[in-house]
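Some notes on the structure that comes next.
Residue numbers (our numbering): 14 to 436.
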């Protein structure tokens with residue numbers, strides 16, 4: 014049934030009043046840009062995979078049309094940015110989830126949607142304010158610390174930390190999945206940040222991130238983080254983090270360097286869950302190398318003690334809020350990933366991604382599952398591109414009572430096409 018909430022007009026009017034009424038006269042005219050994204054997906058679920066109906070092979074299809082409108086302005090002293098995102102989405106037989114890590118860190122939703130649902134389909138039309146941030150420079154810092162500089166920001170903004178290519182333990186407020194096809198804009202979260210730059214090669218960020226009272230996991234919680242990043246020598250970089258997020262005390266670091274043309278990285282965190290009264294280690298290690306013919310290979314291993322070690326633990330992990338909101342990237346404790354990327358011809362880029370998970374079964378034998386993703390991107394113009402992606406998996410699927418038996422075996426075969434244009 015269609016439901017109608019307060020109209021978008023009032024939200025847009027409020028933004029316009031704020032943008033015009035409080036903009037300093039030194040600012041130039043705001044820059045207006047936009048992005049259109051059109052996506053279509055078709056999948057085939059075997060009888061033991063997610064999305065299958067009544068134990069039979071099932072076809073799943075989805076399409077989505079999105080528009081992002083961006084208004085930005087910058088002066089020598091200040092800058093602000095507002096992003097309005099609108100989307101229409103239709104899914105048939107696809108399992109749907111409305112949970113995302115950004116939901117936990119938005120004090121107000123600033124969104125609305127209209128939804129029509131039937132037994133096998135769902136159509137949703139909605140909008141959200143994805144970014145609304147004001148940033149200002151602090152000139153007094155240079156007077157106190159010489160070459161140092163600082164800035165402060167408040168509002169809905171992305172926070173993106175970590176050195177990993179596939180997984181980032183230091184991305185404590187959420188990250189993209191290795192298989193995500195749209196990574197141009199990380200969702201904004203409501204935060205106040207202070208950035209201090211002791212030199213041109215180092216930064217220290219203090220962040221206070223608001224919590225949502227609409228989500229059980231975040232209600233009444235406080236989130237603070239301190240992140241340091243600095244260049245070490247000519248080819249290395251060090252990162253450190255200390256944070257308290259959703260009653261989880263987190264400490265960690267990362268180190269990146271290169272040797273003989275190869276890039277190396279390690280990153281890890283140790284988390285104390287104050288509710289569960291347990292400690293968890295989460296680390297990754299990776300390497301990448303680009304050959305003379307342009308082929309780029311990247312590999313990474315993953316170990317997260319929040320994940321399942323045995324097949325019998327998979328469903329317990331899948332039901333946990335930490336996983337359902339995406340703060341736990343994978344179900345399994347141990348995984349490995351490899352990516353191979355190549356510009357085939359000047360306008361075509363092809364990437365192959367392989368992820369592997371391994372778990373112990375009831376006999377303590379190792380059960381592996383695999384995910385394969387092939388992405389081909391065509392550059393239509395300087396402002397537009399077309400992506401065609403195919404994903405297929407190997408591994409044990411669901412049991413007759415819909416219980417997981419592997420990390421990837423229940424994921425159906427799918428083909429996706431996505432067209433993006435900026436204006």
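The beta carbon of each residue, even a glycine, is placed where N, CA and C say it ideally should be. All values derive from a computational prediction rather than experimental measurement.
- With fewer than 16 other Cβ atoms inside 10 Å of its own Cβ, residue 67 counts as exposed.
- In the same chain as residue 356, and ignoring 5 residues on each side of it, the C-beta atoms closer than 6 Å to its own belong to 307, 362, in chain order.
- Rounded to the nearest whole angstrom, the C-alpha separation of residue 53 and residue 399 is 12 Å.
- A residue is called buried when at least 16 other Cβ atoms come within 10 angstroms of its Cβ; residue 269 meets this threshold and is buried.
- The distance from the Cβ of residue 147 to that of residue 166 is about 7 Å, consistent with a contact at the 8 Å cut-off.
- The three-state secondary structure of residue 190, taken from DSSP, is coil.
- Within the same chain, 189 come within 8 Å of residue 196 by CB-CB distance, once the 5 residues on both sides are set aside.
- The residue among 354, 320, 370 with its C-alpha nearest the C-alpha of residue 387 is 354.
- One alpha carbon belongs to residue 286, the other to residue 317, and they sit about 14 Å apart.
- At the C-beta level, residue 186 and residue 172 come within 8 Å of one another.
- With contacts defined by Cβ atoms closer than 8 Å, residue 348 and residue 369 form a contacting pair.
- Counting every other CB atom within 10 Å of its CB across the protein chains shown gives residue 272 a total below 16, marking it as exposed.
- Shown here, residue 174 sits in coil according to DSSP, grouped into three states, outside any helix or strand.
- Residue pairing for residue 241: DSSP places it in a beta bridge opposite 217, 253.
- DSSP, reduced to helix, strand and coil, places residue 286 within a strand of the structure shown.
- DSSP, reduced to helix, strand and coil, places residue 326 within a helical segment of the structure shown.
- In this structure, the alpha-carbon of residue 84 lies about 44 Å from that of residue 407.
- If you look at residue 334, you'll find it in the alpha helix (DSSP H) that goes 334–337.
- The alpha-carbon separation between residue 240 and residue 69 amounts to approximately 50 Å.
- The Cβ atoms of residue 373 and residue 313 lie no closer than 8 Å to each other.
- The alpha carbon of residue 138 has as its nearest neighbour, out of 378, 404, 104, 114, the alpha carbon of 104.
- Counting only the Cα atoms, residue 160 lies some 45 Å from residue 389.
- Note on geometry: alpha-carbon atoms of residue 434 and residue 326 lie some 43 Å from one another.
- With respect to residue 98, residue 203 sits apart: the two C-beta atoms are not nearer than 8 Å.
- Nearest Cα to residue 339 within the set 193, 384, 46, 136: 193.
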